[in-house]
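Heads up: the structure comes next, in structure tokens.
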């Protein structure tokens, strides 16, 4: 079996701020696609996933402000209570920033378990807010997105690390 | 790994402090939004920011639809053309009858000096996407403040009532479907004129008549139309059909489940009713005790 372990001390180039912004906008676009039916029911929250990635990867660059503002935009786009996603993403950013050293020490499969737990926490926060506002439980399908999001994590890590890998130096062949 | 500075360097507030700041901000927003609803301007600003992104996200779907339209076969077009012309003929016949009836109705109403029923004016609109919120039944459509849409207006499709405009943004608006748990439509039974209030259940294809006495005359197959006494929905529009009546003597009220007539979850072309019927002015509210009880329901 191929070694799925991400070398903990792999030396990567610093992330460009433009790249971070581009991934966040791309995640927002993915969320804004006109999902419907079953796809909508199991759709992971891409913004949550990408915010979590950057909070773990560069906790000093992406943090609460970005998460909170993206949350407000999601609230408007989805017509939900104002502040619902903002609160959930702030908590997610906190968890990502506090746990970033721990998560990065694990192999990719173990990281996925962390991510699923964190995304589930976010959904539970949203569920609690809506329950307090008088909504009913939408069924357990509601949690499916968190697991799908966890499953997408390795793919996202591979994709987002690509621009940071140093190019092989032709003089050192 | 990123280099962390020793703690004596300035790094701003700790994560926990930041979390407290941002979560208390969010909670303040939530409370203001749910209890007072003061946040419309802020929402408008955020909507203007997110609108270009929404358009970009919807573009691939629109392009795919256009491509699919381009490759329609001739036979299907001809079939549709035939169907539409037959439909037009039948509706033209009905329209002639309707005009005669309308004239007659106007004369009769003049005789009994009743107020005129206003002609309803509609704006055609298209559903852009269903709101990604598993807790409610809402859709976003492509007409907004710029087109004269206002919150509170009723929304129909070709078969009946679909819902109501609940939030308006500059170029988009948000409809709450009648199947939403918090959405109510005043209706009238076409068979015997009984009035009731139809409420959504939160699941597609099921509506409920609540607080109807056990002996009330509702039967399977009864058609419910808007009664128009709310001043929101024009009277006489089909809303739902009674699907199941359950009378249990152990309970106070009958359990009446209805099925919406309109394609509430499936239609993409909708009509927003913009001409509001003119209502007589509200009676002046009586001065009650200085501190009224909280009458809000969750």
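Chains as they are written, first to last, in the numbering used here: chain A, 1 to 173; chain B, 1001 to 1298. Beta carbons are placed, not taken as given, at the ideal position from N, Cα and C, and that holds for glycine.
Beta carbon of residue i nearer than 8 angstroms to that of residue j
| i | j | result |
| --- | --- | --- |
| residue 1187 of chain B | residue 1224 of chain B | yes |
| residue 1238 of chain B | residue 1159 of chain B | yes |
| residue 1261 of chain B | residue 1218 of chain B | no |
| residue 92 of chain A | residue 52 of chain A | yes |
| residue 90 of chain A | residue 66 of chain A | no |
| residue 1132 of chain B | residue 35 of chain A | yes |
| residue 1135 of chain B | residue 138 of chain A | yes |
| residue 31 of chain A | residue 19 of chain A | no |
| residue 119 of chain A | residue 26 of chain A | no |
| residue 1256 of chain B | residue 1206 of chain B | no |
| residue 1141 of chain B | residue 1127 of chain B | yes |
| residue 1032 of chain B | residue 81 of chain A | no |
Within-8 angstroms CB hit, residue i to chain A
| i | result |
| --- | --- |
| residue 1216 of chain B | no |
| residue 1233 of chain B | no |
| residue 1018 of chain B | yes |
| residue 1295 of chain B | Residue placement at residue 1295 of chain B is poorly supported in this model, since its pLDDT is 49, which falls under 50; the coordinates are not used for a value here. |
| residue 1061 of chain B | yes |
| residue 1030 of chain B | yes |
| residue 1023 of chain B | yes |
Cross-chain neighbours of residue i in chain A, by beta carbon under 8 angstroms
| i | result |
| --- | --- |
| residue 1222 of chain B | Neighbours of residue 1222 of chain B on chain A: none; closest Cβ ~27 angstroms, over 8 angstroms. |
| residue 1143 of chain B | None at all; the shortest Cβ gap to chain A is about 15 angstroms. |
| residue 1027 of chain B | 83 and 87 |
| residue 1181 of chain B | 135 and 136 |
Closer than 7 angstroms at the beta carbon, the chain A residues around residue i
| i | result |
| --- | --- |
| residue 1133 of chain B | 78, 79 and 80 |
| residue 1034 of chain B | 81 and 133 |
| residue 1138 of chain B | 79 |
| residue 1015 of chain B | 94, 97 and 98 |
Beta-carbon contacts of residue i that lie in its chain and below 6 angstroms, excluding the five residues immediately before and after
| i | result |
| --- | --- |
| residue 1222 of chain B | 1189, 1191 and 1242 |
| residue 94 of chain A | none |
| residue 1265 of chain B | 1204 |
| residue 153 of chain A | 112 and 115 |
| residue 1049 of chain B | none |
| residue 1139 of chain B | 1127, 1130 and 1175 |
Amino acids of chain B, ordered along the chain, whose beta-carbon sits closer than 9 angstroms to that of residue i
| i | result |
| --- | --- |
| residue 106 of chain A | None at all; the shortest Cβ gap to chain B is about 14 angstroms. |
| residue 38 of chain A | Within 9 angstroms Cβ-Cβ: nothing; residue 38 of chain A doesn't reach chain B, min ~12 angstroms. |
Cβ-based neighbour list, residue i, same chain, cut-off 7 angstroms, excluding 5 preceding and 5 following
| i | result |
| --- | --- |
| residue 1229 of chain B | 1186 |
| residue 73 of chain A | 28 |
| residue 1298 of chain B | Because residue 1298 of chain B carries a pLDDT of 43, less than 50, the predicted location of this residue cannot be relied on, and no value is offered for it. |
| residue 85 of chain A | 71, 74 and 75 |
Cross-chain neighbours of residue i in chain A, by beta carbon under 9 angstroms
| i | result |
| --- | --- |
| residue 1128 of chain B | 34 |
Beta-carbon neighbours of residue i, restricted to chain E and to distances below 7 angstroms
| i | result |
| --- | --- |
| residue 1039 of chain B | In the structure shown, chain E does not exist; the protein chains are A and B. |
Closer than 8 angstroms to chain B by CB, residue i
| i | result |
| --- | --- |
| residue 42 of chain A | no |
| residue 53 of chain A | no |
| residue 98 of chain A | yes |
| residue 19 of chain A | no |
| residue 46 of chain A | no |
| residue 28 of chain A | yes |
| residue 49 of chain A | no |
| residue 92 of chain A | no |
| residue 70 of chain A | no |
Cβ neighbours of residue i in the same chain (closer than 8 angstroms, five flanking residues each side left out)
| i | result |
| --- | --- |
| residue 979 of chain B | This structure cannot speak to residue 979 of chain B, because chain B is shown only from 1001 to 1298. |
| residue 63 of chain A | 55, 93 and 97 |
| residue 42 of chain A | 141, 144, 145 and 148 |
| residue 77 of chain A | 31 and 32 |
Contacts of residue i in chain B (Cβ-Cβ under 7 angstroms)
| i | result |
| --- | --- |
| residue 73 of chain A | 1046, 1049 and 1050 |
>> By the 7 angstroms beta-carbon criterion, what residues does the stretch 1246 to 1274 of chain B contribute toward chain A?
In response: none
>> Please list, in chain order, the residues of the stretch 137 to 167 of chain A that have any C-beta partner in chain B closer than 7 angstroms.
In response: 138 and 142
> Taking any Cβ of chain B, which residues in the stretch 117 to 134 of chain A have a Cβ under 7 angstroms from it, in chain order?
Replying inline: 129, 130, 133 and 134
> Taking a cut of 8 angstroms between CB atoms, which residues from the stretch 1043 to 1059 of chain B lie near chain A?
Replying inline: 1043, 1046, 1047, 1049, 1050, 1053, 1054, 1056, 1057 and 1058
> In chain order, what residues of the stretch 1189 to 1201 of chain B put their CB closer than 7 angstroms to some CB of chain A?
Replying inline: Here the close residues number zero.
> Between the stretch 1159 to 1176 of chain B and chain A, which residues of the former have CB atoms less than 7 angstroms from a CB of the latter, in chain order?
Replying inline: Taking 7 angstroms as the cut-off between beta carbons, the residues of the stretch 1159 to 1176 of chain B near chain A are 1167 and 1174, in sequence order.
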